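**Student:**
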Amino acid sequence: MPSVMVDGKFRRQFANLARSTIASGVIAARRVPELVRRCVHSGMEEIDYIPTYSGAESRMVARPVLGPSGVVYVVSLWAGHESFPVDAEARVGAFQLDLETGIADLSDSFERLLGCTEREGCGRSLSDLLAHLDGGSDRSGLLDLLDPQTDREFWVGTATTAAGRSVGRRHLYLAAKAVGFTSARVVRGLVYDITPDEPAPPADPEILALAHLPVVSGHTIGLVDLRTSHMYRVLVIDPALRVGRGRLNPRIHPDDTCTVDECRAELLKAENPIVVVARVRFSDDEPWRAMRAVCTRIPFGDRPQVLVDLTLES
């Protein structure tokens, strides 16, 4: 049975479709799930007419929202008299995050909600995606979902898009689900623009401050979730790397992964910074480069974080 994430103006958390407002009534409760299944199967708009208690018919419209792979991730439902126009405003988007590569693929509608009028390359690193946001809720829960070692399967939260974008600041509601296990695990989700009903709250001042850190020549600084090794926030990029935020997703040389894993294990209990040197590259067509990382553990509940200062080895 499909789950409901938004019901009119109300947020839901994977609620029962048969109990949604649009499926109220015996006939609607039976036919709405079938309408959704038809929409998912066809990948096209589907329409049904449901008799009401007054004897009139209510038109129900199901519109697919395609995910990055072209598969239907979300279905938008609308019900009302046939003479009323269907709300065509693009308030719904979809995304998929590959936990092995750390790359997120976004639907075109999600890109537009971020204020990006064109797709900027193939996918976004997690840090690049989060750089488009200036606030959000339950970061710890999101990091749990990204961790294949946890049994968490679902996450819901809110986020606000960064100021200065072409669409202005937006308040977004996100719902995500983990699919698969270990290295094959991916996270799929939807995003819904709730700005018309809940205007965006003020930006997080700490995030704003971090976004305006001065560039320090020779240094790339980021925040890494220690348990997953995802660099989810890039604070400063060394211009000499010639790597944009969208590609700043460090990959470790296979022969150096044991060294990095040993560093991670030490950081779980270390109080002082640890230095590690490993060969790194940011895309498959780049040469491996030795980089020195000064890693400082930052306590964050049961999900410790690491401030990483990267410099190229001479």
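So for the sequence shown, the UniProt record's numbering puts the first residue at 1; every next one is plus one.
Ideal Cβ positions, reconstructed from N, Cα and C, are used throughout, including at glycine.
Predicted, not measured: the structure shown is a model, and the values here were computed from it.
1. Near residue 130, what residues of its chain come up, given a Cβ to Cβ distance below 7 Å and the 5 sequence neighbours on each side ignored?
2. Determine the extent of the alpha helix (DSSP H) in which residue 127 is found, giving its start and end residues.
3. In terms of alpha-carbon separation, which member of 105, 170, 75, 158 lies closest to residue 44?
4. Determine the closest residue to residue 303 out of 229, 283, 262, 225, with distance taken between C-alpha atoms.
5. Looking only at its own chain, which residues have a Cβ that is under 6 Å from the Cβ of residue 40, when we skip the five neighbours before and after it?
6. Looking at residue 310: is its Cβ nearer than 8 Å to the Cβ of residue 291?
7. Which same chain residues, not among the five before or five after residue 29, have their C-beta less than 6 Å away from its C-beta?
8. DSSP on residue 158, reduced to helix/strand/coil?
9. Would you give the residue range spanned by the alpha helix (DSSP H) that residue 37 belongs to?
10. Identify every run of the alpha helix (DSSP H) within the stretch 151-233, keeping only runs that are complete inside it and at least 4 residues long; order them along the chain.
11. Give me the residue from 203, 199, 191, 301 with the minimum Cα distance to residue 110.
12. For my contact list, residue 155 and residue 142 are in at a C-beta cut-off of 8 Å; report their separation, rounded to the angstrom.
13. Just mark residue 113 as buried or exposed, buried being the case when its beta carbon has 16 or more other beta carbons within 10 Å.
14. Put residue 261 into one of helix, strand or coil per three-state DSSP.
15. Which residues in the same chain have their Cβ closer than 8 Å to the Cβ of residue 107, if we skip the five residues on either side of it in sequence?
16. Among 4, 33, 2, 9, which one has its Cα closest to the Cα of residue 199?
17. Taking 6 Å as the limit between beta carbons, can you name the residues of its chain near residue 251, skipping five residues before and five after?
18. Whole angstroms are fine: how far does the CA of residue 241 sit from the CA of residue 229?
19. Does residue 58 come out as helix, strand or coil in the three-state DSSP assignment?
20. Can you look up residue 335 in the DSSP assignment and give me helix, strand or coil?
21. Between the alpha carbons of residue 258 and residue 178, how many angstroms are there, rounded?
22. Could you give the DSSP three-state label for residue 3: helix, strand or coil?
23. Whose C-beta lies closer than 8 Å to the C-beta of residue 197 among residues of the same chain, with five residues either side of it excluded?
24. Just to confirm, is the Cβ distance from residue 159 to residue 145 under 8 Å?
25. Report the residue from 185, 301, 239, 205 whose alpha carbon sits nearest the alpha carbon of residue 215.
26. At which residues does the beta strand (DSSP E) containing residue 139 begin and terminate?
**Tutor:** Well, looking at it:
1. 232, 233
2. Note, residue 127: alpha helix (DSSP H), 126-131.
3. 75
4. Measuring from the Cα of residue 303, the nearest candidate turns out to be 225.
5. 72
6. yes
7. Excluding sequence neighbours, residue 29 sits near 18, 23.
8. Correct three-state label for residue 158: strand.
9. For residue 37, the uninterrupted alpha helix (DSSP H) segment begins and ends at 26-42.
10. Assignment of alpha helix (DSSP H) within the stretch 151-233, counting only whole runs of 4 or more residues, yields 205-211 in chain order.
11. Nearest option by C-alpha distance: 191.
12. 6 Å
13. buried
14. helix
15. 65, 66, 67, 68, 73, 93, 94, 95
16. 9
17. 281
18. 20 Å
19. strand
20. Within the shown structure, residues of the chain are numbered from 1 to 314, placing residue 335 beyond reach of any answer.
21. 27 Å
22. strand
23. 9
24. Cβ distance not < 8 Å, so residue 159 and residue 145 don't count as in contact.
25. 239
26. Looking at the DSSP string, residue 139 is not in any beta strand (DSSP E); the run it does join, the alpha helix (DSSP H), is 139-145.
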